[in-house]
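Residue numbers (the UniProt record's numbering), protein chains in the order written: chain A, 1 to 359; chain B, 1 to 103.
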């Protein structure tokens, strides 16, 4: 049974005793819907601790007390010293005495730590307290008492050599611990992820401006992507088949480096008809034109029949393809296919006039 | 002088479980710094643990062991309040011993 549900139970009992008084208070805007939350309910729900320690409940816990709780409830996942990498990334490590002095973890900037630990990144001790209080242990969140959370924070800070082994953390001296946090100066609020006005105007954000400065290309833009270099074939499979190591969903799929997929593509270039069929499918031609039937526009067989025997049919149709048209086959217009390269357009027209065979 | 080790030793039903977190660079001698020069090897070669003066563990470490090594082992015997001393020695002749009481 969590602390929260006990508190709600107590609150529910309190309402029962108070009778209709709380019910009457709930009216206001939404009369007849629900009731106002009781102070006890708000107390149970409002557990957040802010960087300036607003919301922190009084209590105390020593490093030794924290160690006991740690060994019982935390060490199985995080390791005895918060060093374990087995279940989660390490909590402790990577900080030095210099970092505690400067308030900025040097190895974050240098990038020489094999892995970023929680203590390297966290800037406010209130975050540690709030997170443990709110979410830990993973199997029974909110089951720790207030003093136990104080003890655990003290223990973690001791492991990170922020506080001595005989330290007792309380709501009175938590600011001292904050003043020694290794990455206390590492937090930057000058970006759009923070709400409110810019720091210059007493806010904490930058007014919501994104931190990417990409602008759409308006002139002299590149029309196609050119691949400048590729991994040599022998090096592609250095880490096995990349495609198999990625999920089949999401933005990153991974290239098939098994060597099997590349072989047939390289072996035989597509036949002229197959290439044209693919071209027609890729460019969306097949949505409106069937090879042997009318869909929205005329079927390719109809087109071939109409222009059969005309010497200039090819160049005429290439021009029509690229410029679009309306009226020859009905009122529905065909959009201009400006994305087609000249050679592709010619290939398509040749294919249509020759009967639009698949192979 | 190197930083102290973190040692936790707890006795339960005649068996003592020891967990050690050593603080050491453990350079393999194969890495290069940003200027391209080899970083000289610097690693722990020997670790030993003594329970009340009697050796209970002797280990040889090499370059394959990670930075800030973690070592856990159990031995028979040991009671609450007994002394457990852990010593490491590295290839530069540096040495460190830390002692804890078994809890």
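Every residue gets a Cβ at the ideal spot worked out from N, C-alpha and C, and that includes glycine.
Small disclaimer: the values here were computed from a predicted structure and weren't measured.
Residue span of the alpha helix (DSSP H) that contains residue i, given as start and end
i, result
"residue 120 of chain A", "118-121"
"residue 112 of chain A", "First-last for residue 112 of chain A: undefined, no H or E at that position."
"residue 127 of chain A", "125-135"
"residue 345 of chain A", "342-353"
"residue 257 of chain A", "Here residue 257 of chain A belongs to no alpha helix (DSSP H), and DSSP marks it neither H nor E."
"residue 74 of chain A", "Here residue 74 of chain A belongs to no alpha helix (DSSP H), and DSSP marks it neither H nor E."
"residue 86 of chain A", "Taken as a continuous stretch (DSSP letters only), residue 86 of chain A belongs to no alpha helix (DSSP H), as it is neither H nor E."
"residue 238 of chain A", "Neither: residue 238 of chain A is in no alpha helix (DSSP H) and is coded neither H nor E."
"residue 97 of chain A", "97-102"
"residue 148 of chain A", "146-159"
Short CB-CB distance (under 9 Å) between residue i and chain B
i, result
"residue 81 of chain A", "yes"
"residue 76 of chain A", "no"
"residue 159 of chain A", "yes"
"residue 93 of chain A", "yes"
"residue 58 of chain A", "no"
"residue 107 of chain A", "no"
"residue 84 of chain A", "yes"
"residue 114 of chain A", "yes"
"residue 343 of chain A", "no"
"residue 71 of chain A", "yes"
"residue 264 of chain A", "Low per-residue confidence applies at residue 264 of chain A: pLDDT is 49, beneath 50, and the placement is therefore not dependable enough to give any value."
"residue 11 of chain A", "Its pLDDT being 45, under 50, residue 11 of chain A is placed unreliably by the model, and the measurement read from it follows with that caveat. Not an interface residue."
Contact belief for residue i with residue j at Cβ below 8 Å, rounded distance in angstroms
i, j, result
"residue 61 of chain A", "residue 147 of chain A", "5 Å"
"residue 28 of chain B", "residue 41 of chain B", "6 Å"
"residue 292 of chain A", "residue 299 of chain A", "6 Å"
"residue 73 of chain B", "residue 61 of chain B", "Not really, about 13 Å apart at Cβ, beyond 8 Å."
"residue 46 of chain A", "residue 34 of chain A", "Not a contact, Cβ separation roughly 18 Å."
"residue 242 of chain A", "residue 255 of chain A", "5 Å"
"residue 120 of chain B", "residue 78 of chain B", "Only positions 1 to 103 of chain B appear in this structure, which leaves residue 120 of chain B out of reach."
"residue 205 of chain A", "residue 194 of chain A", "3 Å"
"residue 25 of chain B", "residue 88 of chain B", "Actually they are not in contact, since the Cβ atoms of residue 25 of chain B and residue 88 of chain B sit about 12 Å apart, beyond 8 Å."
"residue 93 of chain A", "residue 117 of chain A", "5 Å"
Residue i vs residue j beta-carbon contact at 9 Å
i, j, result
"residue 21 of chain B", "residue 51 of chain B", "no"
"residue 332 of chain A", "residue 355 of chain A", "no"
"residue 182 of chain A", "residue 120 of chain A", "yes"
"residue 63 of chain A", "residue 125 of chain A", "no"
"residue 7 of chain B", "residue 86 of chain B", "yes"
"residue 91 of chain A", "residue 156 of chain A", "yes"
"residue 191 of chain A", "residue 213 of chain A", "no"
"residue 348 of chain A", "residue 305 of chain A", "no"
"residue 322 of chain A", "residue 336 of chain A", "yes"
"residue 95 of chain A", "residue 115 of chain A", "no"
"residue 171 of chain A", "residue 247 of chain A", "no"
"residue 152 of chain A", "residue 66 of chain A", "yes"
"residue 184 of chain A", "residue 123 of chain A", "yes"
"residue 318 of chain A", "residue 275 of chain A", "no"
Beta carbon proximity, residue i to chain A, threshold 9 Å
i, result
"residue 8 of chain B", "yes"
"residue 21 of chain B", "yes"
"residue 75 of chain B", "no"
"residue 32 of chain B", "no"
"residue 67 of chain B", "yes"
"residue 29 of chain B", "no"
Residue range of the unbroken beta strand (DSSP E) whose run includes residue i
i, result
"residue 61 of chain A", "60-62"
"residue 168 of chain A", "168-170"
Check: residue i C-beta below 8 Å from any heavy atom of the ligand FAD
i, result
"residue 73 of chain B", "For the structure depicted, the ligand FAD is absent and the ligand set is empty, with no information on it obtainable."
>> Restricting to runs no shorter than 4 residues, where is the alpha helix (DSSP H) found entirely within the segment 269-314 of chain A?
In response: List check, alpha helix (DSSP H) in window: 272-282, 300-307.
>> As an exercise, report each continuous beta strand (DSSP E) stretch of at least 3 residues that is fully enclosed by the UniProt domain "Sulphur oxidation protein SoxZ" (8-100) of chain B, in chain order.
In response: The UniProt domain "Sulphur oxidation protein SoxZ" (8-100) of chain B contains, as complete beta strand (DSSP E) runs of 3+ residues, the segments 15-21, 44-51, 54-60, 70-76, 83-90 (chain order).
> In chain order, which beta strand (DSSP E) runs of at least 3 residues are fully inside the segment 31-59 of chain A?
Replying inline: Complete beta strand (DSSP E) runs here, min 3: none at all.
>> Give the list of continuous alpha helix (DSSP H) stretches no shorter than 4 residues that lie fully inside the segment 161-198 of chain A.
In response: Correct list: 174-178.
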